[in-house]
Structure formats: structure tokens, C-alpha cells
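Inspection log for the structure reproduced underneath, given as C-alpha cells.
Residue numbers (the working numbering), protein chains in the order written: chain A, 4 to 252; chain B, 7 to 171.
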């Protein structure tokens with residue numbers, strides 16, 4: 004007990020704290036009187052329902068004490084509101100960041116190539132069609148031989164062997180036809196690692212295998228492959244250009 | 007004294023918000039950089055998973071087309087061989103393509119590099135044909151799915167069919 008002021012130290016600290024908070028409240032109240040006053044009343048009402056706070060409430064007739072209590076409760080409620088607002092800020096910032104990430108990722112994804120068309124399965128063709136086409140475009144084939152298939156070398160459903168002799172360049176080809184591209188794979192794999200075909204040049208186009216001897220001129224191999232591509236792939240695959248349009252030769 | 011206390015109080019609260027914002031910004035940046043850097047790797051993993059589940063996918067955008075025509079793992083007992091035979095069409099530069107499976111990325115037997123090669127006679131045809139064994143024909147060595155991937159993000163994936171002689 005302080006004899007000068009007639010208060011205990013505890014009461015004095017409480018009074019000064021209330022005084023400081025009231026000054027703070029007055030400052031805020033002057034800026035935003037309606038909102039602050041409303042907040043104070045609402046907070047005071049809420050706090051009055053808490054037993055420990057209600058017990059410390061002063062009688063109504065003590066106007067200054069009452070105001071101090073209001074200020075105190077307002078301050079406390081403001082602090083609790085601050086803590087309540089903090090998660091909202093975090094959520095807001097997180098939502099903003101997530102939105103930004105989504106926007107950036109979607110921009111990146113949109114810059115990537117996207118499927119725009121549907122591929123139809125490649126139709127299967129036969130050796131007669133191919134040979135007729137090669138003749139129609141003027142490929143100078145010689146020694147055309149139909150070989151019975153399947154046979155010891157190939158599981159193809161048909162086999163044609165032919166040579167080409169044109170402008171001093173020559174070559175020998177074996178054209179194998181299968182029911183599907185998948186069925187051509189086994190023979191292609193075996194040929195790639197089996198003598199003598201491992202030294203041959205091998206091209207798979209749709210359901211055909213085209214083999215050529217090692218001494219076949221590169222220009223001839225390229226020409227036949229281009230014709231086959233034009234006939235078997237290009238009509239169904241717009242992204243594949245060919246240098247030998249139909250009927251050119 | 008009061009002002010000092012109030013200043014500290016407000017500064018502390020403001021600092022928290024700035025910290026949260028900074029943390030979120032850094033996390034966002036890290037995520038974006040990580041996605042960009044590992045994008046192709048992640049894409050490859052998803053492609054392998056999709057292929058393993060039996061899905062076939064081709065990229066069909068002009069200039070970025072990759073189509074797998076045939077994807078097989080072949081075992082030939084008469085030659086003691088096991089290997090992959092993947093053939094397809096593309097309008098990409100074949101040198102930019104990488105072949106992967108659920109077992110390896112761009113490699114074949116013993117980890118030897120196995121690039122995706124163009125057909126010399128047909129630049130729109132690619133081949134990915136790594137050998138898996140030269141000692142035995144064994145389909146258990148076969149992977150489940152194959153992914154052909156371009157550096158620009160185009161991708162084709164297919165399940166691998168197992169074939170024996």
C-alpha cells in the first residue's frame with residue numbers, strides 16, 4: 004500500500020495500464036469513432052459473458068472506472084481479433100500464391116503442344132498394290148519375282164524381289180508384306196541381327212518391310228522409300244511430306 | 007515509453023505478414039523452377055505409368071508430332087536375343103528424341119546408350135531398338151511401356167507387346 008496515493012502497487016499498475024490503453028483507444032476512437040465504439044460495445048458484451056472478466060467489472064455508476072474497463076476489454080478484444088484475423092491473412096496470401104502458381108503453370112502448359120487431331124490407324128496394303136504403284140510412277144524395275152511366303156526366312160504373307168537399274172545405278176530389293184505393322188517387327192528384329200541380312204538396309208513402312216542389299220545405291224533406296232511413304236503413309240499422316248508426288252514420274 | 011511499446015507491437019505484427027508473404031513467394035518460385043526443371047522427367051514418368059496401364063498416346067500437333075506405330079519386345083531363342091523394337095513416325099528432329107522405358111532411360115543392354123535413330127531413307131521414321139540380351143531369349147527382361155519424348159515436350163507412349171519366335 005502506497006500511503007501517498009492510498010492504492011496498492013497492483014492497483015496502481017492496473018490503473019496506469021488502463022490509462023495507457025485508454026489513451027491509445029482515444030487516439031483510435033478519434034479516427035474511426037463509429038466503428039471503434041461499435042467494436043468496444045460488442046467486445047464488452049462478449050467479454051462480460053466470460054466469468055473471470057465479468058467478475059472484474061466495475062459498478063455502472065463508476066463512470067471513469069467503467070470507461071477504463073471498456074477500454075481494457077476493447078484492447079483485449081482487439082488483440083483477440085488480431086489473432087483471429089491472422090489466419091485469414093495467411094489464407095488470403097496462400098490463395099493468392101496458389102492462384103499465381105496455377106496461372107503460371109497453365110501458361111506453361113498452354114505453350115506446350117497439345118493434341119489437335121486424332122490419328123486413324125494406318126490401313127494395310129498388299130504387294131500387288133505397291134508394285135502397281137511403283138510401275139505407275141515409272142520406277143524401272145527388273146527381274147520382278149514373287150516368292151512364296153511365309154518361308155524359312157520370313158513370316159511375311161507375301162514377298163517380292165526386284166532389281167532396279169537406272170542411269171548407271173543399280174540395286175536389289177526385297178519387299179515383304181505383313182498383316183499389320185506389329186507382325187513385321189519380328190522379322191525385322193531377326194533380320195537386323197542375322198547374317199546375311201544384318202548388313203542389308205532395312206526400312207519398315209506401315210505393314211511393309213523393305214530390304215536392300217548393301218551395294219544398292221543410296222539414291223535408289225531413298226527413291227523407293229519415298230514412293231512407299233507417299234503411297235502408304237502420306238495420305239493418312241498430314242505431317243509427313245514426300246518428295247515424290249503421285250504421277251510425277 | 008508508451009510509443010516504444012506500441013511501435014514494437016505493431017512492428018512485430020507487420021513482420022509476421024511480411025514473413026508469410028516472403029515464404030509463400032519463395033515457395034511459389036521454387037515450385038515453378040522445380041516444375042520447369044523436372045518437367046520432362048515428370049512427363050516421362052507419367053508417360054511410363056500411362057503406358058504401363060495400357061494407354062497409348064501420341065502427340066499430333068504440327069511440327070511436334072510423335073506417333074508410335076509398333077512397340078514390341080522380341081525374344082528369339084534361335085539367336086539367343088532379346089530386344090526392343092519400337093518404330094514410329096514423327097515430324098520432329100529425330101536427334102531431339104529420347105526413348106525410355108520403365109526400366110531405363112535411353113539405354114539398352116548393360117546401360118549402353120541407345121538413341122532414337124532416324125531411318126536414313128525416311129527422315130520421318132524413327133527407330134528405338136535397344137538390345138536387352140545377347141545371351142538369351144528371355145521375355146522377363148522386357149519392360150512394360152515405352153516413351154518417346156522430344157525436348158520440346160511432345161511425347162508418345164505405348165504399352166510394349168511381348169513377342170517370341
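Built from N, CA and C at the ideal position, the CB exists for glycine as well.
- Message: Using only CA atoms, which one of A:12, A:93 and A:19 lies nearest to residue 25 of chain B?
- Response: The shortest C-alpha separation from residue 25 of chain B is found at A:93.
- Query: Can you find a heavy atom of the ligand PLP that lies under 7 Å from the Cβ of residue 126 of chain A?
  - Reply: This structure lacks the ligand PLP; in fact it carries no ligand of any kind.
- Below 8 Å between beta carbons: does that hold for residue 190 of chain A and residue 158 of chain A? A contact, by the Cβ cut-off of 8 Å.
- Beta-carbon spacing of residue 104 of chain B, residue 116 of chain B below 8 Å: No, the pair does not count as a contact, with Cβ atoms beyond the cut-off.
- Could you pull out every residue in the same chain whose Cβ sits closer than 8 Å to the Cβ of residue 70 of chain A, ignoring the five residues on either side in sequence? Same-chain partners within the cutoff: 25.
- Apply the 10 Å Cβ neighbour rule to residue 55 of chain A and answer buried if 16 or more other Cβ atoms are within range, or exposed otherwise. Here the model assigns residue 55 of chain A a pLDDT of 47, short of 50, so the residue's position is not dependable, and the following value carries that caveat. Counting the other CB atoms within 10 Å of its CB gives residue 55 of chain A a total below 16, which places it among the exposed residues.
- Item | Residue from B:145, B:94, B:151 and B:32 whose Cα sits closest to the Cα of residue 123 of chain B | In terms of CA proximity to residue 123 of chain B, B:94 leads the group B:145, B:94, B:151 and B:32.
- Task: At 8 Å on the CB atoms, spell out the chain B contacts of residue 257 of chain A, in chain order.
- Result: Since the first residue of chain A shown is 4 and the last is 252, residue 257 of chain A is not available in this structure.
- Item | Buried or exposed (CB count within 10 angstroms, at least 16 for buried), residue 62 of chain A | In this prediction, residue 62 of chain A scores a pLDDT of 49, lower than 50, which makes its location untrustworthy; no coordinate-derived value is stated.
- Message: Give me, in chain order, the residues of the same chain whose beta-carbon lies closer than 6 Å to that of residue 156 of chain B; leave out the 5 immediate sequence neighbours on both sides.
- Response: Taking residue 156 of chain B as the centre and dropping the five residues before and after it, the same chain places the C-beta of 98, 102 and 103 closer than 6 Å to its C-beta, in chain order.
- Message: Judging by CA-CA distance, which residue of A:136, A:237 and A:31 is the nearest neighbour of residue 254 of chain A?
- Response: Outside the shown range of chain A (4 to 252) lies residue 254 of chain A, about which nothing can therefore be said.
- Item | Contact list for the stretch 114-142 of chain B against chain A, Cβ threshold 9 Å | Those residues of the stretch 114-142 of chain B that come within reach of chain A (Cβ to Cβ, closer than 9 Å) are 125, 126, 127, 128, 130, 131, 133, 135, 137 and 140.
- Query: How many Å lie between residue 17 of chain A and residue 30 of chain A at the Cα?
  - Reply: Here the alpha carbons of residue 30 of chain A and residue 17 of chain A stand approximately 20 Å from one another.
- When you compare each of A:174, A:242 and A:188 to residue 220 of chain A by their alpha carbons, which one comes out closest? When only C-alpha atoms are compared, the closest one is A:174.
- Let me know if residue 204 of chain A comes out buried or exposed under the rule of 16 or more other beta-carbons within 10 Å of its beta-carbon. Counting C-beta atoms within 10 angstroms of its own C-beta, residue 204 of chain A has 16 or more neighbours from the protein chains shown and is therefore classed as buried.
- Query: Are the stretch 139-146 of chain A and the stretch 178-189 of chain A touching by the rule of at least three beta carbon pairs closer than 8 Å?
  - Reply: Output reads no: the stretch 178-189 of chain A does not touch the stretch 139-146 of chain A.
- Return yes when the Cβ of residue 61 of chain B is within less than 8 Å of the Cβ of residue 146 of chain B, no when it is not. Not closer than 8 Å, so no.
- Item | Distance CB(residue 228 of chain A)-CB(residue 214 of chain A) smaller than 8 Å | In this structure, residue 214 of chain A does not lie closer than 8 Å to residue 228 of chain A by Cβ.
- Query: Between residue 109 of chain B and the rest of its own chain, which residues show a CB-CB distance below 8 Å, the 5 nearest in sequence each way excluded?
  - Reply: Correct list, in chain order: 149.
- Query: Could you give the distance in angstroms between the alpha-carbon of residue 1 of chain B and the alpha-carbon of residue 139 of chain B?
  - Reply: Outside the shown range of chain B, which is 7 to 171, sits residue 1 of chain B, and nothing can be said about it.
- Query: For residue 166 of chain A, does the three-state DSSP call read helix, strand or coil?
  - Reply: In the structure shown, the three-state DSSP call for residue 166 of chain A is strand.
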